[in-house]
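The sequence shown lines up with residues 0 to 213 when you count with numbering that gives the first Met the number 0.
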Amino acid sequence: MSDTDSTRRSFVLAGGAAITTAAFAQTETLALDGGPKAVSFPAARQTALSKWPRYGAAEKKALHELIDTGAFYPELVKFENEWQQYTRSPFVKAHMNGSSALTSMYFALDLPPGSEIMVPSYTFFATCLAMRFFGYVPIFIDIDPQTACFDLDDAKRKLTARTKALVPMHSWADALGGGRHGHVPDAGVFRACLRIRPLRRSCEIPEGQPRARL
């Protein structure tokens, strides 16, 4: 190696080291290492908002009374009635978990055995587990890689005359893939994209058109 090459190499190495040092000198220290915190929200307030489950003196008192009396069922009925009034829903039924609630939903649908129900391929298995009790056929729909939610394009490809219902879901508070469509899709969006037109509760559709319940 010539003296000229050695000089050039040394110059490049020295210049690179200087640039790197300057860049690090301008970088802020991470909060973990003692630097300024990016979130300055009061710690006590943050703890109060993130606490789960949330309860107070009233909830403690009600729970203690239930433990003392053992009258759990009457309280369940009261809760259902109050929730029905608050949500203005025609029917309300309390369940101990989501699997039980989904089973109740499939009972309410009362679809004929062999009915196809679209479900996302990325979700908890309880979404389709209860279908086996009714002879329903789960049709697994791919998810949008950007939202991890129901991919309407894949649903279009798998839509058949046997499709009777859809069970979409949300991921990380992105309801039904709202981020992709610029808004939160509702039943109307699914009907428009999949050409599904349920008519009232009977869902009677003219012959030759797909029928489904959402």
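Note that beta-carbon positions come from the ideal geometry of N, C-alpha and C, so glycine has one too.
For this session: Give the DSSP bridge partners of valine 118, in chain order.
Result: Locating residue 118 in the sequence shown gives position 119, counting from the first residue. Phe139, per the DSSP bridge assignment.
Exercise. Can you tell me whether DSSP reads lysine 50 as helix, strand or coil?
Worked result: Your numbering for residue 50 matches position 51 in the sequence shown. Per DSSP, reduced to three states, the secondary structure at lysine 50 is coil, with no helix or strand assignment.
Exercise. Among Pro119, Asn80 and Leu108, which one has its Cα closest to the Cα of histidine 169?
Worked result: Here residue 169 is taken as the residue at index 170 of the sequence shown, counted from 1. Of Pro119, Asn80 and Leu108, the residue nearest in Cα terms is Pro119.
Exercise. Since threonine 28 sits in a beta bridge, which residues does DSSP pair it with?
Worked result: Here residue 28 refers to the residue found at position 29 when the sequence shown is read from its first residue. In the DSSP assignment, threonine 28 is bridged to no other residue.
Exercise. Tell me which same chain residues have a C-beta within less than 8 Å of the C-beta of glycine 113, skipping the five on either side of it?
Worked result: By one-based count along the sequence shown, residue 113 stands at place 114. Exclusion of the five residues before and after glycine 113 leaves Gly134, Tyr135, Val136 and Arg161 as the residues of its chain whose Cβ lies within less than 8 Å of its Cβ.
Exercise. Are there 16 or more other CB atoms within 10 angstroms of the CB of methionine 95, so buried, or fewer, so exposed?
Worked result: As a first step, residue 95 is located in the sequence shown; it is residue number 96 there, counting from the start. By the neighbour-count rule (16 or more Cβ atoms within 10 Å), methionine 95 is not buried but exposed.
Exercise. Can the beta-carbon of leucine 101 be found closer than 8 Å to that of threonine 122?
Worked result: Here residue 101 refers to the residue found at position 102 when the sequence shown is read from its first residue. Here residue 122 refers to the residue found at position 123 when the sequence shown is read from its first residue. For leucine 101 and threonine 122, no; Cβs fall outside 8 Å.
Exercise. Any idea if aspartate 150 is buried or exposed, counting beta-carbon neighbours within 10 angstroms, 16 or more meaning buried?
Worked result: Within the sequence shown, numbered from 1, the residue matching residue 150 stands at position 151. Buried, since its Cβ has 16 or more Cβ neighbours within 10 Å.
Exercise. What number of angstroms, rounded off, separates the C-alpha of serine 98 from the C-alpha of alanine 129?
Worked result: In the sequence shown, residue 98 corresponds to position 99, counting from 1. In the sequence shown, residue 129 corresponds to position 130, counting from 1. The straight-line gap from Cα to Cα measures roughly 7 Å.
Exercise. Per DSSP, leucine 165 forms a beta bridge with which residues?
Worked result: As a working mapping, residue 165 is identified with position 166 in the sequence shown. According to DSSP, which records beta bridges pairwise, leucine 165 is partnered with Met117.
For this session: Could you check what DSSP says for arginine 179 in three-state terms: helix, strand or coil?
Result: Within the sequence shown, residue 179 is the residue found at index 180, counting from 1. In this prediction, arginine 179 has a pLDDT of 48, which is less than 50 and means its spatial position is unreliable; nothing more can be read from the coordinates.
For this session: Can you say whether aspartate 143 is buried or exposed, counting buried as having 16 or more other CB atoms within 10 angstroms of its CB?
Result: In the sequence shown, counting from the first residue as 1, residue 143 sits at position 144. A residue is called buried when at least 16 other Cβ atoms come within 10 angstroms of its Cβ; aspartate 143 meets this threshold and is buried.
Exercise. To the nearest angstrom, how far is it from the Cα of lysine 36 to the Cα of aspartate 67?
Worked result: Residue 36 sits at position 37 when you count from the first residue of the sequence shown. Residue 67 sits at position 68 when you count from the first residue of the sequence shown. Those two C-alpha atoms are separated by around 47 Å.
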